[in-house]
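Trainee: Handing you a structure now.
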Amino acid sequence: MTSPSGASSSAGDARRLAAASLAAGDPTGWFEDLYAESRAGRAEVPWDVPAPSAHLRALDLPAGDGRRALVVGCGPGRDAEYVAALGYRVTAFDISATAIGLARERHPGTTVDYVVADLLDPPPPWGQAFDLVLESNNVQALPASIRATAIAAVGTFVAPGGTLIVLAAATTRIDSDGDGPPWPLTRAEVDAFATGDLRPVSVTRVDAVGTTLPTRWSALFRR
Ligand SMILES: C[S@@+](CC[C@H](N)C(=O)[O-])C[C@H]1O[C@@H](n2cnc3c(N)ncnc32)[C@H](O)[C@@H]1O
Numbered sequence: 001m002t003s004p005s006g007a008s009s010s011a012g013d014a015r016r017l018a019a020a021s022l023a024a025g026d027p028t029g030w031f032e033d034l035y036a037e038s039r040a041g042r043a044e045v046p047w048d049v050p051a052p053s054a055h056l057r058a059l060d061l062p063a064g065d066g067r068r069a070l071v072v073g074c075g076p077g078r079d080a081e082y083v084a085a086l087g088y089r090v091t092a093f094d095i096s097a098t099a100i101g102l103a104r105e106r107h108p109g110t111t112v113d114y115v116v117a118d119l120l121d122p123p124p125p126w127g128q129a130f131d132l133v134l135e136s137n138n139v140q141a142l143p144a145s146i147r148a149t150a151i152a153a154v155g156t157f158v159a160p161g162g163t164l165i166v167l168a169a170a171t172t173r174i175d176s177d178g179d180g181p182p183w184p185l186t187r188a189e190v191d192a193f194a195t196g197d198l199r200p201v202s203v204t205r206v207d208a209v210g211t212t213l214p215t216r217w218s219a220l221f222r223r
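Numbering of the sequence shown is given in UniProt numbering, commencing with residue 1 and proceeding in unit increments.
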């Protein structure tokens with residue numbers, strides 16, 4: 001797999017654990033396995049890099065001024081901390097308890113509320129509760145069997161007047177690429193984030209030169 005920073009890293013650990021998890025009928029269990037193995041020094045988490053997403057920073061978001069933001073699949077918190085530094089009141093969640101533990105340890109003075117939660121079964125109070133929602137690099141790590149459900153769930157968090165940011169690897173194929181994770185998103189999958197009265201503001205293909213996933217989506221939606 002390629003790290004979100006664009007640095008090349010081993011796909012082996014993630015793909016090995018993902019394959020075992022998928023074969024066992026558990027499409028998301030491998031995330032906790034990977035973080036736990038990494039913590040024990042037996043694996044590498046390819047996306048665990050210190051810098052916030054370059055594609056998020058390129059959006060040059062306005063100050064949060066205390067508005068609420070939700071960071072989906074936050075991992076150890078690199079993007080959640082960036083959004084918090086912009087002045088948002090951030091809730092950030094991940095299905096992996098080990099990832100959330102790492103986030104809290106790495107950012108001891110943080111204002112971010114790090115929570116263990118499942119995108120496929122989110123807390124009901126989060127419905128239309130956030131002025132900014134960030135989905136970055138998560139759906140591309142989910143297999144076809146749960147992708148449509150995950151995409152639809154992301155949109156439910158956006159408050160009236162709020163913004164959804166979707167950042168993901170892109171494919172020009174009609175179906176997702178075979179080998180993964182990651183499985184880059186098709187244009188149709190990006191368009192599918194516009195559920196209900198959530199409307200696309202911009203859907204842009206951007207280059208990530210020098211990476212093994214050289215084309216990406218940077219998309220904004222508003223309710
Ligand atoms: C490829 S990583 C990307 C992490 C982070 N967004 C980033 O760009 O650094 C996908 C993350 O989504 C989390 N995740 C996967 N399925 C999830 C689910 N159903 N609910 C919440 N988090 C999930 C994983 O544990 C992992 O931290």
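Don't be surprised by glycine CBs; every beta carbon is placed ideally from N, CA and C.
Alpha carbon to alpha carbon, what distance is there between Pro76 and Gly101?
Mentor: 8 Å
Trainee: Going by C-alpha to C-alpha distance, which of Gly127, Leu119, Leu132, Ala36 sits closest to Tyr82?
Mentor: Leu132
Trainee: Between which two residues does the beta strand (DSSP E) harbouring Ala24 extend?
Mentor: No beta strand (DSSP E) contains Ala24, which DSSP labels as neither H nor E.
Trainee: Could you check what DSSP says for Val158 in three-state terms: helix, strand or coil?
Mentor: strand
Trainee: Would you say the beta carbon of residue 245 comes nearer than 6 Å to a heavy atom of ligand 1?
Mentor: Absent from the structure is residue 245, since the part of the chain shown begins at 1 and ends at 223.
Trainee: Please state whether DSSP places Ile100 in a helix, a strand or coil.
Mentor: helix
Trainee: So, using beta-carbon positions, are Val130 and Ala51 closer together than 7 Å?
Mentor: In the sequence under discussion, the amino acid at residue 130 is Phe, which differs from the Val named in the question. It is not a contact, given that the beta carbons lie outside the stated cut-off.
Trainee: Beta-carbon separation of Thr171 and Pro184 under 7 Å?
Mentor: yes
Trainee: Buried or exposed for Pro4, please, with buried defined as at least 16 other CB atoms from any protein chain shown within 10 angstroms of its CB.
Mentor: Confidence is the limiting factor: at Pro4 the pLDDT is only 43, short of 50, which leaves the residue's position unreliable and the question unanswerable from this model.
Trainee: For the UniProt domain "Methyltransferase" (70-162), list the alpha helix (DSSP H) runs that are entirely contained and at least 4 residues long, ordered along the chain.
Mentor: Taking only runs of at least 4 residues, the alpha helix (DSSP H) segments lying wholly in the UniProt domain "Methyltransferase" (70-162) are 78-85, 97-106, 144-155.
Trainee: Looking only at its own chain, which residues have a Cβ that is under 7 Å from the Cβ of Arg39, when we skip the five neighbours before and after it?
Mentor: Contacts found: Thr98.
Trainee: Would you kindly work out how many angstroms separate the C-alpha atoms of Arg42 and Ser136, rounded to a whole number?
Mentor: 26 Å
Trainee: Go ahead and label Pro62 buried or exposed: buried means 16 or more other beta carbons lie within 10 angstroms of its beta carbon, across all protein chains shown.
Mentor: exposed
Trainee: Taking the alpha carbon of Val154 as the point to measure from, which residue in Trp126, Asp113, Val112 has its own alpha carbon closest?
Mentor: Trp126
Trainee: Which partner residues of Phe193 appear in the DSSP bridge assignment?
Mentor: Answer is none; Phe193 lacks a bridge partner.
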